[in-house]
Amino acid sequence: MEAENIKPWLFRVQPYQGESLSYFLGRFRRANDLTPTGLGKAAEVGGAIARWEKFRFNPPPSRQQLEALAKVVRLDADRLAQMLPPAGVGMKLEPIRLCAACYVESPCHKIEWQLKITQECDRHKLSLLSECPNCGARFKIPAAWVDGWCQRCFLSFADMVKYQKSYR
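In the numbering used here, the protein residues as written are 1253 to 1420.
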């Protein structure tokens, strides 16, 4: 059998409830040892993966792009669409925001945290963090979140909960 006839196989990654596309793409790429470029080539969406990981959704992913990505990650295109901001709702590209209490319960970045209309966590009644409360470093893009801690001082997201302010 010739090498070019061998189809590569990829590990499946199940999405979390409310997970952002950026975080999901990072998890999928790490599980399969892929770069953004490699995943973009596999899905035939070019450099879109790198843009989407940074919440650059202008233009938003087309249905055709979502379906092409869905084939590679083995999810339904509608499930991928749920990881995007709702149509007509503005997003904050920066700073990346976090509810550490939510992250402890479900270790992923939630798309709702980046929406302009979201100022705090409705579930925990806590303010969202936009930087490490220990060292002041801004959070990296969710696709780069590997271990659930600050990439500068290594304070865990779980330990950041005590720094979140209650808003009620």
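A virtual CB, placed ideally from N, CA and C, is assigned to each residue, including glycine.
C-alpha gap between residue i and residue j, whole angstroms
| i | j | result |
| --- | --- | --- |
| Y1355 | S1408 | 10 Å |
| R1349 | S1418 | 16 Å |
| R1276 | Y1415 | Rather than Arg, the amino acid found at residue 1276 in this sequence is Phe. Answer to the nearest angstrom: the Cα atoms are 26 Å apart. |
| M1412 | D1328 | 34 Å |
Three-way DSSP call (helix, strand, coil) for residue i in this model
| i | result |
| --- | --- |
| C1387 | coil |
| M1335 | coil |
| K1344 | coil |
| K1362 | strand |
| L1262 | coil |
| E1296 | coil |
Bridge partners - residue i, DSSP secondary structure assignment
| i | result |
| --- | --- |
| C1373 | L1378 |
Proximity below 8 Å, CB of residue i to CB of residue j
| i | j | result |
| --- | --- | --- |
| P1359 | G1278 | no |
| F1307 | M1343 | yes |
| R1281 | V1398 | no |
| W1304 | L1273 | yes |
| F1403 | A1389 | A small correction: the amino acid at residue 1403 is Gln; Phe does not occupy that position in the sequence shown. Their beta carbons are under 8 Å apart, which means Q1403 touches A1389 by this criterion. |
| L1332 | A1322 | yes |
| K1368 | G1270 | no |
| F1309 | P1267 | no |
query: Is there contact here, the stretch 1363 to 1379 with the stretch 1312 to 1319, by at least three beta-carbon pairs under 8 Å?
result: no
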